[in-house]
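So the protein sequences, as listed, match chains A and B. The first sequence begins at 6 in the working numbering and counts up one residue at a time. The second sequence begins at 6 in the working numbering and counts up one residue at a time. Don't be surprised by glycine CBs; every beta carbon is placed ideally from N, CA and C. Keep in mind the model is a prediction, meaning the values are calculated, not measured. Structure first, commentary second.
There are 2 protein chains.
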Amino acid sequence: MPRSKVDLELLKLGERTAIARAISLVENDESEELLQAIHPLTGRCHRIGVTGPPGAGKSTLSSRLAQHYRRQGLQVGIVAVDPTSPFSGGALLGDRIRMAEVELDAGVFIRSMASRGSVGGLSRKTTEAVDVLDAAGKQIVIMETVGVGQSELDIAGAADCTLVVLVPESGDSIQAMKAGLMEIADLFVLNKADRAGADQAVLALQMILHFRRDGGWKPGVLKTVASEGSGIQEVVSSIEQHRQFLGTGGRLQDRRRLRMEQRLRALVAGRLNEDFWNSRRSALLEKQLDAVMERRVSPYEAARALLADSPAGNP
Amino acid sequence: MPRSKVDLELLKLGERTAIARAISLVENDESEELLQAIHPLTGRCHRIGVTGPPGAGKSTLSSRLAQHYRRQGLQVGIVAVDPTSPFSGGALLGDRIRMAEVELDAGVFIRSMASRGSVGGLSRKTTEAVDVLDAAGKQIVIMETVGVGQSELDIAGAADCTLVVLVPESGDSIQAMKAGLMEIADLFVLNKADRAGADQAVLALQMILHFRRDGGWKPGVLKTVASEGSGIQEVVSSIEQHRQFLGTGGRLQDRRRLRMEQRLRALVAGRLNEDFWNSRRSALLEKQLDAVMERRVSPYEAARALLADSPAGNP
Numbered sequence: 006m007p008r009s010k011v012d013l014e015l016l017k018l019g020e021r022t023a024i025a026r027a028i029s030l031v032e033n034d035e036s037e038e039l040l041q042a043i044h045p046l047t048g049r050c051h052r053i054g055v056t057g058p059p060g061a062g063k064s065t066l067s068s069r070l071a072q073h074y075r076r077q078g079l080q081v082g083i084v085a086v087d088p089t090s091p092f093s094g095g096a097l098l099g100d101r102i103r104m105a106e107v108e109l110d111a112g113v114f115i116r117s118m119a120s121r122g123s124v125g126g127l128s129r130k131t132t133e134a135v136d137v138l139d140a141a142g143k144q145i146v147i148m149e150t151v152g153v154g155q156s157e158l159d160i161a162g163a164a165d166c167t168l169v170v171l172v173p174e175s176g177d178s179i180q181a182m183k184a185g186l187m188e189i190a191d192l193f194v195l196n197k198a199d200r201a202g203a204d205q206a207v208l209a210l211q212m213i214l215h216f217r218r219d220g221g222w223k224p225g226v227l228k229t230v231a232s233e234g235s236g237i238q239e240v241v242s243s244i245e246q247h248r249q250f251l252g253t254g255g256r257l258q259d260r261r262r263l264r265m266e267q268r269l270r271a272l273v274a275g276r277l278n279e280d281f282w283n284s285r286r287s288a289l290l291e292k293q294l295d296a297v298m299e300r301r302v303s304p305y306e307a308a309r310a311l312l313a314d315s316p317a318g319n320p
Numbered sequence: 006m007p008r009s010k011v012d013l014e015l016l017k018l019g020e021r022t023a024i025a026r027a028i029s030l031v032e033n034d035e036s037e038e039l040l041q042a043i044h045p046l047t048g049r050c051h052r053i054g055v056t057g058p059p060g061a062g063k064s065t066l067s068s069r070l071a072q073h074y075r076r077q078g079l080q081v082g083i084v085a086v087d088p089t090s091p092f093s094g095g096a097l098l099g100d101r102i103r104m105a106e107v108e109l110d111a112g113v114f115i116r117s118m119a120s121r122g123s124v125g126g127l128s129r130k131t132t133e134a135v136d137v138l139d140a141a142g143k144q145i146v147i148m149e150t151v152g153v154g155q156s157e158l159d160i161a162g163a164a165d166c167t168l169v170v171l172v173p174e175s176g177d178s179i180q181a182m183k184a185g186l187m188e189i190a191d192l193f194v195l196n197k198a199d200r201a202g203a204d205q206a207v208l209a210l211q212m213i214l215h216f217r218r219d220g221g222w223k224p225g226v227l228k229t230v231a232s233e234g235s236g237i238q239e240v241v242s243s244i245e246q247h248r249q250f251l252g253t254g255g256r257l258q259d260r261r262r263l264r265m266e267q268r269l270r271a272l273v274a275g276r277l278n279e280d281f282w283n284s285r286r287s288a289l290l291e292k293q294l295d296a297v298m299e300r301r302v303s304p305y306e307a308a309r310a311l312l313a314d315s316p317a318g319n320p
C-alpha cells in the first residue's frame with residue numbers, strides 16, 4: 006500500500022510534500038486507506054466554492070481571498086477544477102505571473118485537478134483533495150470551478166459557501182445562470198466592476214434574486230475589482246455573515262450531511278459498477294453490442310440481458 | 006403503459022404530435038417500451054453535434070443548417086440542451102423571433118431538453134430523443150449543447166459529426182478548449198467572422214490544430230456569419246466530406262458502436278443503482294451517515310458497510 010509514502014504526522018503539521026503526496030494518492034485512486042486514517046481530522050475547515058463563466062476572474066478573486074485570510078493568520082488551500090484557471094495551467098502567462106505571489110506563500114497550498122475523464126471521479130477526487138487539506142490544518146479551502154456544466158456546478162455547490170463570480174459583460178449569460186448558478190449561489194460577486202455596465206448588471210441580478218425562493222438567506226451582490234484588490238474586504242465579510250447564518254440552528258451540519266449523503270451514494274454507485282464488470286460480463290457486452298448494432302435487440306433489452314447475467318454472490 | 010398514447014404508425018410518418026408525445030415519454034422516463042419498438046428504425050439519420058461557449062451563435066448556426074438541409078428536401082430535427090439556447094427558452098426575445106422562421110417550417114422538429122437534475126439522465130434522454138426523431142424519419146438531427154462542462158461535452162461528442170462554434174472574442178477561451186473541445190471537434194466554425202480579430206482567431210486555431218494527434222481526419226476551420234447566412238454552404242460541404250470520410254473503412258460504425266457501448270454501460274449503471282437502494286438500505290444509509298458525521302467511520306468504510314448489506318438475490 007503506497008500510503009506508507011505519506012507521513013501522517015507531517016501531513017497533520019501541514020508539511021507541503023506530505024500534502025502533495027497525499028493528493029497524488031487521491032488522483033491515482035490509491036487513497037482509500039489514507040482517507041480512512043485522516044477522516045477524524047476532517048470537517049474543520051470552511052469550504053468556499055468559487056464558480057462562474059470563463060474569464061470572470063475567479064482565480065484572481067481566489068488569490069485575493071487567500072491573501073486576505075493569510076493576513077488574518079489563517080492557513081489556506083486552493084483546489085482548482087477549471088480548465089481556464091491559471092492554477093490549472095489553462096490561462097495565459099500574465100495570469101500565471103500574477104498568481105506567483107500567492108503560490109510562493111508557504112501558508113497557501115494550491116492544487117489543480119484535471120478535468121478530463123470521468124466527471125463523477127473528478128467530483129469525488131476534488132472532495133477528497135479538500136479533505137486532505139482539511140486534515141493538514143488548512144482553515145479555509147477554496148474550490149474553484151468553471152460554472153457552466155452541471156457536474157462542475159455540483160462541485161462548486163458542494164461547499165459551505167458558494168460564490169458565483171460574474172462580470173458586467175455577462176449580461177446575456179445572466180439568462181444562462183437561471184439554469185443552475187442561481188440555485189447554488191450564496192453570494193454573487195460582480196468582478197471587473199470598474200467596467201461599463203456594472204451598475205446595470207448588479208441591478209439585473211438583484212431583480213432576478215428578488216424572485217428566488219426564500220430559504221432564510223438572501224444572497225447579496227457585491228462589486229469587486231479583484232485585480233486591484235478592491236471590494237475583497239466586503240466579500241470576506243459576507244462570507245463570514247453567511248458562516249454565522251449557517252452556524253445557527255444546525256444549518257451547516259444539515260448542509261454537510263446532505264453533501265456526505267451524495268458522496269456515499271456516489272461511492273456505492275462506483276463500487277457496484279466496478280464489481281459488475283467482470284471479464285465474463287465484458288465479453289457478454291460485446292455480444293449484446295453486436296445484437297444492438299444489428300438492430301436485433303434494443304439497448305434496454307441488451308441492458309436487461311446483461312443484468313440478468315448476475316449470479317448472486319458470484320461476480 | 007402510456008406507450009399506447011403514441012401511435013407508432015404516425016410516428017414513423019413523422020407526424021408532429023406523435024413525435025412530441027414520444028419525446029415526452031422519454032422525458033418522463035416512461036419510454037422503455039417505445040424505444041424498444043422503434044429501435045429497428047434507428048441508426049439512419051446523420052447526427053450533428055453543435056457546441057461552443059455561450060453567445061457564440063450556436064442556435065443561429067443550427068437554424069441556418071436546418072434551412073439549408075430543408076432546401077435539399079431533407080427532414081430535420083433539432084434537440085437543444087443548452088440553457089442559453091433560444092430553442093430552450095434561455096435567450097432574449099430577439100433570438101426567439103429569429104428562430105420562428107425555422108420553427109414554423111413543418112419539416113423541422115425542434116425540442117429542448119432541460120439541463121436540470123441528473124446529468125447522466127440528461128445525456129441518456131438526449132440520445133433517446135434523437136432516436137425518436139431518427140425513427141420519425143428525420144434525416145439530419147442537430148444536437149445543440151453549451152460546451153464548457155464535461156458532461157455537456159459528452160453529449161455533443163456523441164454525434165456523428167461534432168461542430169465547435171467560436172467567435173473572434175473567444176481568443177482567451179481557446180486556452181479553455183484545450184481541455185476538451187479540441188478533442189471532440191470534427192470541424193471548427195468561427196462565427197461572427199465579420200468582427201475584428203477573426204483572421205487571427207482562425208490562425209490561432211489552426212496552430213493549435215497543428216499539434217493535434219492525427220487520426221486521419223484533420224478538422225478544418227471555417228468562417229461564418231450565421232445571422233446573415235454566409236459561410237453556411239461551406240459548413241454543409243465540410244460536414245458532407247467528414248461523412249464520406251466516416252463512410253470509408255467502417256469508421257462510422259466504429260464510432261457508433263463505441264457510443265452504444267457507453268450507452269449500455271450507463272443503462273446498466275443506472276439500473277444497478279436503482280435496484281440497490283431498497284428501503285432497508287436507505288435506512289442503513291441514515292445510520293451510516295450518523296457515524297460518518299460523528300467521525301466514527303470514514304466514507305469508504307460506510308460505503309463498504311452498505312455494500313456488505315447485499316444479500317444475493319434478495320434486494
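- Between Val-172 (chain B) and Gly-62 (chain B), the beta carbon gap of about 7 Å places them in contact (Cβ cut-off 8 Å).
- The beta carbon of Gly-48 (chain A) sits closer than 8 Å to some beta carbon of chain B.
- Where Met-148 (chain A) is concerned, the enclosing beta strand (DSSP E) starts and stops at 145 to 150.
- For Lys-63 (chain A), the uninterrupted alpha helix (DSSP H) segment begins and ends at 63 to 76.
- Of all residues in the segment 37 to 70 of chain A, only Glu-37, Glu-38, Leu-40, Gln-41, Ala-42, Ile-43, His-44, Pro-45, Leu-46, Thr-47, Gly-48, Pro-58, Pro-59, Gly-60 come within less than 9 Å of chain B when Cβ atoms are compared, listed by chain position.
- Per DSSP, the continuous beta strand (DSSP E) segment holding Arg-52 (chain A) begins and ends at 51 to 56.
- Scanning its chain for C-beta atoms nearer than 8 Å, with the 5 sequence neighbours on each side dropped, one finds around Asp-314 (chain B) the residues Arg-285, Arg-286, Leu-289, in chain order.
- Look at the beta carbons and you see the segment 239 to 246 of chain A not touching the segment 203 to 212 of chain A: under three pairs across the two are nearer than 8 Å.
- C-alpha of Glu-149 (chain A) to C-alpha of Leu-79 (chain B): approximately 45 Å in a straight line.
- For Asn-196 (chain A), there are no neighbours in chain B by C-beta distance under 8 Å, as the nearest C-beta there is about 15 Å away.
- Put simply, of B:Tyr-305, B:Gln-267, B:Thr-229 the residue whose alpha carbon is nearest the alpha carbon of Glu-291 (chain A) is B:Gln-267.
- Taking a Cβ-Cβ cut-off of 9 Å, Ala-288 (chain B) has no neighbours in chain A, whose nearest Cβ is about 13 Å from it.
- Inside the segment 18 to 43 of chain A, DSSP marks no whole beta strand (DSSP E) run of 3 or more residues.
- Those residues of the segment 274 to 286 of chain B placed with their C-beta closer than 9 Å to a C-beta in chain A are Ala-274, Gly-275, Arg-276, Leu-277, Asn-278, Asp-280, Phe-281, Trp-282, Arg-286, ordered along the chain.
- For the pair of segments examined, the segment 18 to 38 of chain B was found not to touch the segment 269 to 282 of chain A: the number of CB pairs separated by less than 8 Å stays below three.
- Residue-level contact check: Arg-300 (chain A) touches chain B, since one or more beta carbons of chain B fall below 8 Å from its beta carbon.
- Each residue's CA atom was taken as its position, placing Leu-311 (chain B) and Ser-128 (chain B) some 28 Å apart.
- When Cβ-Cβ separations below 8 Å define contact, Leu-16 (chain A) makes no contact with chain B.
- Linking Asp-259 (chain B) to Thr-253 (chain B) through their CA atoms gives a straight-line distance of about 11 Å.
- For Gln-293 (chain B), a Cβ of chain A is located within less than 8 Å of the residue's own Cβ.
- Residue-level contact check: Ala-190 (chain A) does not touch chain B, since none of the beta carbons of chain B fall below 8 Å from its beta carbon.
- Boundaries of the alpha helix (DSSP H) harbouring Arg-264 (chain B): 256 to 281, taken from the DSSP string.
- Pairing Ala-203 (chain A) with Gly-19 (chain A) gives a Cβ-Cβ distance that is not under 8 Å.
- In the structure shown, the three-state DSSP call for Lys-223 (chain A) is coil.
- With respect to the C-alpha of Val-81 (chain B), the residue from B:Leu-138, B:His-247, B:Lys-130 having the closest C-alpha is B:Leu-138.
- At least 8 Å separates the CB of Ala-27 (chain A) from every CB of chain B.
- DSSP, read as helix, strand or coil, puts Lys-197 (chain A) in coil.
- If the five residues before and after Gly-225 (chain B) are omitted, its C-beta is found closer than 8 Å to the C-beta atoms of Leu-192, Phe-193, Ser-243, all from its own chain and listed in chain order.
- Neighbourhood of Glu-306 (chain B) in chain A, by CB distance below 9 Å: Gln-41, His-44, in chain order.
- Selection B:Leu-186, B:Ile-145, B:Gln-77, B:Pro-304 evaluated against Arg-261 (chain A) yields B:Pro-304 as nearest (Cα-Cα).
- Glu-266 (chain A) has a beta carbon lying within less than 8 Å of a beta carbon in chain B.
- One alpha carbon belongs to Gln-77 (chain B), the other to Asp-136 (chain B), and they sit about 22 Å apart.
- Per DSSP, reduced to three states, the secondary structure at Gly-60 (chain B) is coil, with no helix or strand assignment.
- Against chain B, the CB of Val-297 (chain A) has a partner CB under 8 Å away; the residue lies at that interface.
- Listed along chain B, no residue sits closer than 8 Å to Ser-242 (chain A) by beta-carbon distance, the nearest being about 29 Å off.
- Here the alpha carbons of Ile-160 (chain B) and Glu-306 (chain B) stand approximately 34 Å from one another.
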